[in-house]
Amino acid sequence: MIVLKSVYVRFVSIIILASIGVTIMISSLPISSDTCRCEAPVEHDKQHERFQSSFQEVSTSDKPKLAILVPFRDRFDELLRFAPHISAFLNRQQISFHIFVLNQNDRFRFNRASLINVGFLHVKHRYDYIAMHDVDLLPMNDNLKYKYPAEGPLHISGPEFHPKYHYPTFIGGILLLKVEHYQSLNGMSNRYWGWGLEDDEFYVRIKEAGLEVFRPQNITTGPQNTFLHVHDRLHRRRDTTKCYNQRDVTRRRDRETGLNTLRYSIAKRHELTVDQVPVTVLNIDLECDRSQTPWCECDGKNDGKTRQESKKQV
Ligand code: UDP
Ligand code: MN
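The sequence shown begins at 2 in our numbering and counts up by one.
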């Protein structure tokens, strides 16, 4: 009996020591980056699971959960204003939400659409709908309801209310989609490096899929007082340079690229608070296939006159 007991005690001690050893080995491994060169959704899921933390993102209520996806680079002042503002605004509507800052960490030109694609893949299993949300556009009218867009994309910053863009097919600024719709559209095109047109291409995707775009109703404010656009055009210059065949390609509807062709890695996930508002920052390295989109870097050799043209526009 005693012999059996001591064998048992020895066995249990070996198991405990072995598991401590394995735990120490795993925790001492370097944190590798979340490289995703994969197309199969299950691979994306595995990659993103590694970045789910115990951080409480949204409440556990039954309400639809909203992921605020903010494409971002070098807009720190705007973020300091945005996070507390949108938090108070959405709390008044009792929306269950969390803010994700999609920080473009690589050295390519800014790619708003690809960042939103990355953000979407990161949240799609835990959230019911997304808001692609410019960091510099603050809603000022409490009747702009960020409700679950069950029927079709809900464009909050419609052309009658946006301070700057007034054409009827405009869907930039702030656009809400349920996860299933964004997935079925294959997300946004990855071809748009630099400023502009990615939202117009997305409008065509939405229309070709037979979806209707909805806008807030009964808004009595106008372009001057519905949103605050915190954007100084000289301090925050838009990158309107065009090089190689960028102008031609980005004018056209893109049937090839989107969620299923996205190439990126997430170098790090940070949890911050801005005035007590929780914010998750994803440091994202986008990849560029120069054979497909050489304009992800304009080196000055192929942008000739258009650089002058673009200077006039800013
Ligand atoms: N943005 C950014 N850094 C940049 C360019 C753009 O963070 O260098 C993000 C930011 O969220 C911004 C949005 O992309 O609000 C849209 O860009 P921008 O404000 O230049 O476009 P606008 O709608 O004013 O023409
Ligand atoms: Mn702006």
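By construction, the Cβ of each residue, glycine as well, lies at the ideal position given by its N, Cα and C atoms.
Practice task
Quick one: using the 10 Å Cβ neighbour count with 16 as the cut-off for buried, is Phe-77 buried or exposed?
Solution key: One-based indexing of the sequence shown puts residue 77 at position 76. Label assigned to Phe-77: exposed.
Practice task
Counting only the same chain and skipping the five closest in sequence on each side, list residues whose C-beta sits under 7 Å from that of Asp-240.
Solution key: Numbered from 1 along the sequence shown, position 239 holds the residue referred to as residue 240. Taken in chain order, the residues that qualify are Arg-110, Phe-111, Gly-195, Trp-196.
Problem - Alpha-carbon spacing of Tyr-166 relative to Pro-217, whole angstroms - result: Within the sequence shown, residue 166 is the residue found at index 165, counting from 1. Within the sequence shown, residue 217 is the residue found at index 216, counting from 1. Our two residues, Tyr-166 and Pro-217, have alpha carbons roughly 16 Å apart in a direct line.
Handout entry: Outcome for Ser-28 when other beta-carbon atoms lying within 10 angstroms are tallied against a minimum of 16
Key = As a first step, residue 28 is located in the sequence shown; it is residue number 27 there, counting from the start. Reliability fails at Ser-28, whose pLDDT of 40 lies under 50, so the model's placement of it is uncertain and the value that follows must be treated cautiously. So Ser-28 counts as exposed.
Practice task
Check the Cβ-Cβ distances between Phe-90 and every residue of chain B, and say whether any is below 8 Å.
Solution key: Included in the structure is just one protein chain, with no chain B present.
Problem - Proximity of Ala-84 and Ile-100 at Cβ, strictly below 8 Å - result: Counting from one through the sequence shown, the residue named residue 84 turns up at place 83. Counting from one through the sequence shown, the residue named residue 100 turns up at place 99. Yes, they are a contact pair.
Problem - For Asn-104, the residue or residues it bridges with in DSSP - result: Numbered from 1 along the sequence shown, position 103 holds the residue referred to as residue 104. Paired residues: Phe-73, Asn-284.
Practice task
Answer yes or no: the CB of Pro-135 versus the heavy atoms of the ligand MN, is any distance below 7 Å?
Solution key: Mapped onto the sequence shown, residue 135 falls at position 134. At residue 135 the sequence reads Asp, which differs from the Pro that was named. Yes - the ligand MN has a heavy atom lying nearer than 7 Å to the Cβ of Asp-135.
Handout entry: Counted within 10 angstroms of its Cβ, other Cβ atoms place Gly-301 as buried (16 or more) or exposed
Key = Against the sequence shown, residue 301 aligns to sequence position 300. Gly-301 comes out exposed.
Problem - Neighbour-count burial assignment, Arg-206, 16 or more Cβ in a 10 Å radius - result: To locate residue 206, count along the sequence shown from 1; it is residue 205. Result: buried.
Exercise for the section: Check whether the Cβ of His-123 sits closer than 7 Å to any heavy atom of the ligand MN, and report yes or no. Expected result: The count along the sequence shown starts at 1 and reaches residue 123 at position 122. For His-123, the CB stays at least 7 Å from every heavy atom of the ligand MN.
Exercise for the section: Drop a sphere of 10 angstroms on the beta-carbon of Asn-92, count the other beta-carbons inside from all chains shown, and report buried for 16 or more, exposed for fewer. Expected result: Mapped onto the sequence shown, residue 92 falls at position 91. Exposed.
Handout entry: Check: His-236 C-beta below 7 Å from any heavy atom of the ligand MN
Key = Residue mapping note: residue 236 aligns to position 235 of the sequence shown, counting from 1. Every heavy atom of the ligand MN is 7 Å or more from the Cβ of His-236, so no.
Problem - Cut-off 7 Å between Cβ atoms - residues of its own chain near Ser-88, not counting five sequence neighbours on either side - result: Here residue 88 refers to the residue found at position 87 when the sequence shown is read from its first residue. Annotation for Ser-88: Val-278 place their beta carbon closer than 7 Å to its own, counting only its chain and skipping 5 residues before and after.
Handout entry: CA-to-CA distance, Gln-247 to Ser-281, given in whole angstroms
Key = Within the sequence shown, numbered from 1, the residue matching residue 281 stands at position 280. Within the sequence shown, numbered from 1, the residue matching residue 247 stands at position 246. The question names Ser, yet the displayed sequence has Thr at residue 281. Taking the CA atoms as reference points, Thr-281 sits about 33 Å from Gln-247.
Practice task
Give the straight-line distance between the Cα atoms of His-126 and Asn-118, rounded to the nearest whole angstrom.
Solution key: Translated into positions along the sequence shown, residue 126 becomes position 125. Translated into positions along the sequence shown, residue 118 becomes position 117. Those two C-alpha atoms are separated by around 14 Å.
Exercise for the section: Report yes if the C-beta of Val-71 is less than 7 Å from at least one heavy atom of the ligand UDP; otherwise report no. Expected result: Position 70 of the sequence shown holds residue 71. Yes - the ligand UDP has a heavy atom lying nearer than 7 Å to the Cβ of Val-71.
Problem - Which listed residue (Lys-64, Leu-80, Pro-65) has its alpha carbon closest to that of His-232 - result: Translated into positions along the sequence shown, residue 232 becomes position 231. The shortest Cα separation from His-232 among Lys-64, Leu-80, Pro-65 belongs to Leu-80.
Exercise for the section: List the endpoints of the continuous alpha helix (DSSP H) containing Thr-251. Expected result: In the sequence shown, residue 251 corresponds to position 250, counting from 1. First-last of the alpha helix (DSSP H) with Thr-251: 247-252.
Practice task
With DSSP as the reference, label Val-43 as helix, strand or coil.
Solution key: For the purposes of this step, residue 43 is taken as the residue at position 42 of the sequence shown. Since pLDDT at Val-43 reaches only 42, below the 50 mark, its modelled position is unreliable, and no value is offered.
Problem - For Ile-207, the first and last residue of its enclosing alpha helix (DSSP H) - result: Position 206 of the sequence shown holds residue 207. Residues 199-209.
Handout entry: Of the residues Leu-178, Glu-288, Phe-121, Tyr-245, the one placed nearest Glu-213, counting alpha carbons only
Key = Along the sequence shown, read from residue 1 onward, the residue named residue 213 stands at position 212. Of Leu-178, Glu-288, Phe-121, Tyr-245, the residue nearest in Cα terms is Leu-178.
Practice task
Determine the contact status of Ile-175 and Leu-138, defining contact as a CB-CB distance below 8 Å.
Solution key: Taking the first residue of the sequence shown as 1, we reach residue 175 at position 174. Taking the first residue of the sequence shown as 1, we reach residue 138 at position 137. It is a contact, given that the beta carbons lie within the stated cut-off.
Problem - Segment limits, beta strand (DSSP E) that includes Ala-151 - result: Counted from its first residue, the sequence shown places residue 151 at position 150. Boundaries cannot be given for Ala-151, as no beta strand (DSSP E) includes it and DSSP labels it neither H nor E.
Practice task
Kindly examine the ligand UDP and report whether one of its heavy atoms sits closer than 7 Å to the Cβ of His-156.
Solution key: The residue given as residue 156 occupies position 155 in the sequence shown. Remark: the C-beta of His-156 is outside contact range of the ligand UDP, defined as less than 7 Å to any heavy atom.
Problem - Among Glu-181, Pro-65, Pro-72, Ser-62, nearest to Leu-283 - alpha-carbon criterion - result: As a first step, residue 283 is located in the sequence shown; it is residue number 282 there, counting from the start. It is Pro-72 whose Cα lies nearest to the Cα of Leu-283.
Exercise for the section: Would you kindly check if the distance between the Cβ of Tyr-128 and the Cβ of Pro-150 is under 8 Å? Expected result: Sequence index remark: in the sequence shown, residue 150 carries index 149 (1-based). Sequence index remark: in the sequence shown, residue 128 carries index 127 (1-based). For Pro-150 and Tyr-128, no; Cβs fall outside 8 Å.
Handout entry: Own chain partners of Gly-159 with C-beta closer than 6 Å, once the 5 adjacent residues on each side are dropped
Key = Start at 1 with the first residue of the sequence shown, and residue 159 comes out as number 158. Closer than 6 Å at Cβ, skipping near neighbours: Arg-216.
Practice task
Please name the residue, chosen from Phe-98, Gln-293, Phe-171, that lies closest to Thr-251 on a Cα-to-Cα basis.
Solution key: In the sequence shown, the residue the question calls residue 251 occupies position 250. Checked all of Phe-98, Gln-293, Phe-171; the closest Cα to Thr-251 is Gln-293.
Handout entry: Neighbourhood of Asp-200 by C-beta distance below 6 Å, restricted to the same chain and skipping five residues each side
Key = Mapped onto the sequence shown, residue 200 falls at position 199. Cβ within range, chain order: Ile-172, Gly-173.
Practice task
Please confirm whether any heavy atom of the ligand MN lies closer than 7 Å to the CB of His-163.
Solution key: Taking the sequence shown and counting its residues from 1, the one referred to as residue 163 is at position 162. Distance from the C-beta of His-163 to the nearest heavy atom of the ligand MN is not below 7 Å.
Handout entry: Beta-carbon contacts of Cys-299 that lie in its chain and below 6 Å, excluding the five residues immediately before and after
Key = Here residue 299 refers to the residue found at position 298 of the sequence shown. Spatial neighbours of Cys-299 in its own chain (CB-CB distance under 6 Å, excluding positions within 5 residues in sequence) are listed in chain order as Thr-242, Cys-244.
Handout entry: Complete beta strand (DSSP E) runs within the segment 125-184 (minimum length 3 residues, chain order)
Key = For the segment 125-184, whole beta strand (DSSP E) runs of length 3 or above, ordered along the chain, are 130-134, 138-140, 175-179.
Practice task
May I ask whether a heavy atom of the ligand HEM can be found less than 7 Å away from the beta carbon of Phe-111?
Solution key: Ligands present in the displayed structure are limited to the ligand UDP and the ligand MN, and the ligand HEM is not among them.
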